[in-house]
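A.B. asks: Residue numbers for the sequence shown follow our numbering, so the first one is 753 and each next one is one higher.
We treat Cβ as the ideally placed atom computed from N, Cα and C, and that holds for glycine.
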Amino acid sequence: MENEKIKRFGGEISPFIRIGIAILGVLLLSLIISRLVYPFGVGAWEAFSWMPATHLLEGKSPYAFAVTPPYGMSPYGIVYYALIAVGVEIFGYQIWFGRILSVLAFVVCIWAVVRIVGKLTHGKEAVWFACLAGLAMFPAQIWISVMRSDLIAAAFAFSALALVFSLEEDKKISFRSVSAMILLSSAAFFTKQTYLLPIGIIFLRFLQLKKWREAVIFAVGLVLLVSGGIFLLNQTSSGGYVWQHFTHAQRLPYSLAHATVVFTEMLTRPTFFFSLVCLIIFAFQNRKFFNRLSRAEAIKVVRSPKVLIFGYLLLSFVWSFFSAGRNGGSANYYIENSFLLAIAIGLIFEHFKRNALPNLALAMIFLLTVGGAVQITRILRGEYFRWQSLSYYREVFETVGKVVPPDSKCISIEAEMVVWNGCAFNFDDHEEYNGTWSPELIEIFEREIKAGRYAAVLWMDDKFTERFPNYRLIKMSQSLPEKFFPIYLYVPEKPPMKSE
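1. Can you give me the C-alpha to C-alpha distance between residue 1070 and residue 883, rounded to a whole angstrom?
2. Let me confirm a value: residue 1002 is counted as buried when at least 16 other C-beta atoms fall within 10 Å, else exposed. Which label applies?
3. Closest to residue 1103 by C-alpha separation, out of 1212, 1223, 771 and 1030, would be which residue?
4. State the DSSP-derived secondary structure class of residue 876, mapped to helix, strand or coil.
5. Apart from the five residues just before and just after residue 1126, which ones in its own chain have a Cβ nearer than 8 Å to its Cβ?
6. Cutting at 6 Å between CB atoms, please list the residues of its own chain near residue 1273, excluding the five before and the five after it.
7. Would the beta-carbon of residue 1015 be found less than 6 Å away from any heavy atom of the ligand ZN?
8. Going by C-alpha distance, which of 881, 872, 859 and 844 is nearest residue 1119?
9. Is there contact here, the segment 906-921 with the segment 952-962, by at least three beta-carbon pairs under 8 Å?
10. Please determine, among 923, 1007 and 1239, the residue with the shortest C-alpha to C-alpha distance to residue 1074.
11. By a C-beta neighbour count over all protein chains shown, 10 Å radius and 16 as the cutoff for buried, is residue 1232 buried or exposed?
12. Taking 7 Å as the cut-off, decide whether the C-beta atoms of residue 943 and residue 912 are in contact.
13. Just to confirm my understanding: we take residue 1010, look at its own chain, exclude 5 residues before and 5 after, and list those with CB closer than 6 Å. What are they?
14. Give me whichever residues DSSP pairs with residue 1078 in a beta bridge.
15. Measure from the alpha carbon of residue 1236 to the alpha carbon of each residue in 1244, 858 and 1142, then state which is nearest.
16. Give me, in chain order, the residues of the same chain whose beta-carbon lies closer than 7 Å to that of residue 1238; leave out the 5 immediate sequence neighbours on both sides.
17. Is the CB-CB distance between residue 1087 and residue 827 below 7 Å?
18. Report the rounded CA-to-CA distance for residue 1131 versus residue 962, giving the unit in angstroms.
19. Below 8 Å, can you find three or more Cβ-Cβ pairs linking the segment 867-881 to the segment 801-819?
20. Label residue 936 either buried or exposed according to how many other C-beta atoms from any shown protein chain fall within 10 Å of its C-beta, with 16 as the threshold for buried.
21. Here's a check: name, in chain order, each residue in its chain whose Cβ is nearer than 6 Å to the Cβ of residue 973, leaving out the five neighbours to either side.
22. Using the Cα positions of residue 808 and residue 846, report the straight-line distance between them to the nearest angstrom.
23. Start and end of the alpha helix (DSSP H) containing residue 909?
24. Among 1206, 995 and 893, whose alpha-carbon lies nearest the alpha-carbon of residue 1129?
25. In whole angstroms, what is the alpha-carbon distance linking residue 804 and residue 859?
26. Looking only at C-alpha atoms, which of 823, 765 and 1139 sits nearest to residue 876?
27. Within a Cβ cutoff of 6 Å, which residues of the same chain sit near residue 1015, ignoring the five residues on either side of it in sequence?
28. With distances taken between CB atoms, is the gap from residue 939 to residue 1054 smaller than 7 Å?
29. Strictly by DSSP, which residues pair up with residue 1208?
30. Can you tell me the Cα-Cα spacing of residue 1166 and residue 797, whole angstroms?
31. Within the continuous beta strand (DSSP E) that includes residue 1226, where are the two ends?
32. Counting only the same chain and skipping the five closest in sequence on each side, list residues whose C-beta sits under 7 Å from that of residue 977.
33. If you check the beta carbons only, do residue 1152 and residue 1173 fall under 7 Å apart?
34. Just how far apart, CA to CA, sit residue 1217 and residue 1223?
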């Protein structure tokens, strides 16, 4: 009788979940199309990745050019640059290829969320709800269809997690499955090296399943592959890889105040806030869960995949909070946490459904749908202002083509502006060469600019001539963009010098 009641309730709420998915799906599709079609960068320094990708195609290490021309800092992993290099080789210097990769990665992440929840709940409605939750999470929404490594790394990591949470204790695990988890976990690390927690969770899941042999194979294989990869990358870059990703990275400014600001901003996002409220309600309802557990019950809890998920979620909150305190930290540091949150509230939804709490279950559907829609609508409003700025950006782009001689060298905060005009792009990550934490990089940047080696410099403010009076600003006839960052074109007072 009770099962019939639960089944009937599931059938009643299922249409509402699917309506929510349809609403968010249409809004996300609009956002994806807007970004895919927009011809220039979206303000996330997307085209910077072309330089490391080009080095790979030339058979060179992308981590070997921090202090030598064309001067490039490569903050992402080799797997990401290899993927971008494929697009450059086949299609040339196009932003849309990397944006499509991020969309595909987002789809993979949603698949992984759905697969994990389905395996742990065996509830059809929970699976649909997990899909809704994944679509509603703000960090993924803001970075979808952007040529960056964030979602791609998440796709590798969550694919590995989906595999390990699909395993069963009484079934044999093939060597192929363990190898796939090793490769996917390594790919996540070599795409964005903040993805360390999934490695530990996969290992713990093997232990929960009493798969001691597979746990050892996974750990040893991963250590060998990652350490071997780091060694090779460092050797081929004359020490540049370790210097950029570890030695230099330790000098980046860190602030707990900034970490708090990022977390506070996340709390203002409706779906993040609603999800935390659901977690608090769930925790309060189960506050006596660990009281007076027998030894057998305690062992069962320790071996529960759901407990492992919630433990992982807690760790990811801590990891995301402190990671976001680094210079440049933002909502992208909460992408892993957000997909975990989608899994967790999928499990909570099933709990509410099975415990005859229809009002809470319906509230979760409504709030995630409305909250997710509000977030995407706000992002789409930003897309409107981006498109309004297109005429200004086109004028800047066309002016670069008129004033820059063929085969010149240029610097630009938006690489596509100069690369598409046949200009050799230098200083890919301009923030690293202008940060107070890198005196040797600042010295290189200032030396090269003062030498007048660049036919054009596209910068983010109109104060560049105060720092480098040997360059002058070319004003555009178009008004500066409204509510979207401007870009300023500078050219040397004298013809650019040739490099020695």
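C.D. replies: Taking the geometry as given:
1. Cα atoms of residue 1070 and residue 883: separation of roughly 25 Å, rounded to the nearest angstrom.
2. By the neighbour-count definition (other C-beta atoms within 10 Å, threshold 16), residue 1002 is an exposed residue.
3. In terms of CA proximity to residue 1103, 1030 leads the group 1212, 1223, 771 and 1030.
4. The answer is helix: DSSP assigns residue 876 an H, G or I state.
5. Around residue 1126: 1022.
6. Here the chain comprises residues numbered 753 to 1252, so residue 1273 is not present and cannot be evaluated.
7. With respect to the ligand ZN, the structure shown offers nothing to examine, as it has no ligands at all.
8. Looking at the Cα atoms, 881 is the closest of the given residues.
9. The segment 906-921 is in contact with the segment 952-962.
10. Of the listed residues, the one whose Cα sits closest to residue 1074 is 1007.
11. Per the 10 Å Cβ criterion, exposed.
12. Their beta carbons are not under 7 Å apart, which means residue 943 does not touch residue 912 by this criterion.
13. Cβ within range, chain order: 1077.
14. In the DSSP output, where bridge partners are listed per residue, residue 1078 has 1006.
15. It is 1142.
16. Taken in chain order, the residues that qualify are 1232.
17. Not a contact, by the Cβ cut-off of 7 Å.
18. So the alpha carbons of these two residues sit roughly 46 Å apart.
19. Because the criterion of three Cβ pairs below 8 Å is not met, the segment 867-881 and the segment 801-819 do not touch.
20. Around the C-beta of residue 936, 16 or more other C-beta atoms lie within 10 Å, and the residue is accordingly described as buried.
21. For residue 973, where only same-chain residues beyond five positions count, the Cβ hits under 6 Å are 934.
22. Distance from the CA of residue 808 to the CA of residue 846, rounded to the nearest whole angstrom, comes to 17 Å.
23. Per DSSP, the continuous alpha helix (DSSP H) segment holding residue 909 begins and ends at 902-916.
24. Taking only the C-alpha atoms, the option nearest residue 1129 is 893.
25. A straight-line Cα-Cα distance of about 26 Å links residue 804 and residue 859.
26. With distances taken between CA atoms, residue 876 lies nearest to 765 out of 823, 765 and 1139.
27. Within its own chain, the residues whose Cβ lies closer than 6 Å to the Cβ of residue 1015, once the five positions on either side in sequence are excluded, are 1073, listed in chain order.
28. No; because the gap between Cβ atoms is not below 7 Å, this pair is not in contact.
29. Note: residue 1208 sits in a beta bridge opposite 1162.
30. Rounded to the nearest angstrom, the two C-alpha atoms are 6 Å apart.
31. First-last of the beta strand (DSSP E) with residue 1226: 1223-1226.
32. Excluding positions up to five away in sequence, the list reads 934 and 938.
33. In this structure, residue 1173 lies closer than 7 Å to residue 1152 by Cβ.
34. Going from the Cα of residue 1217 to the Cα of residue 1223 covers about 6 Å.
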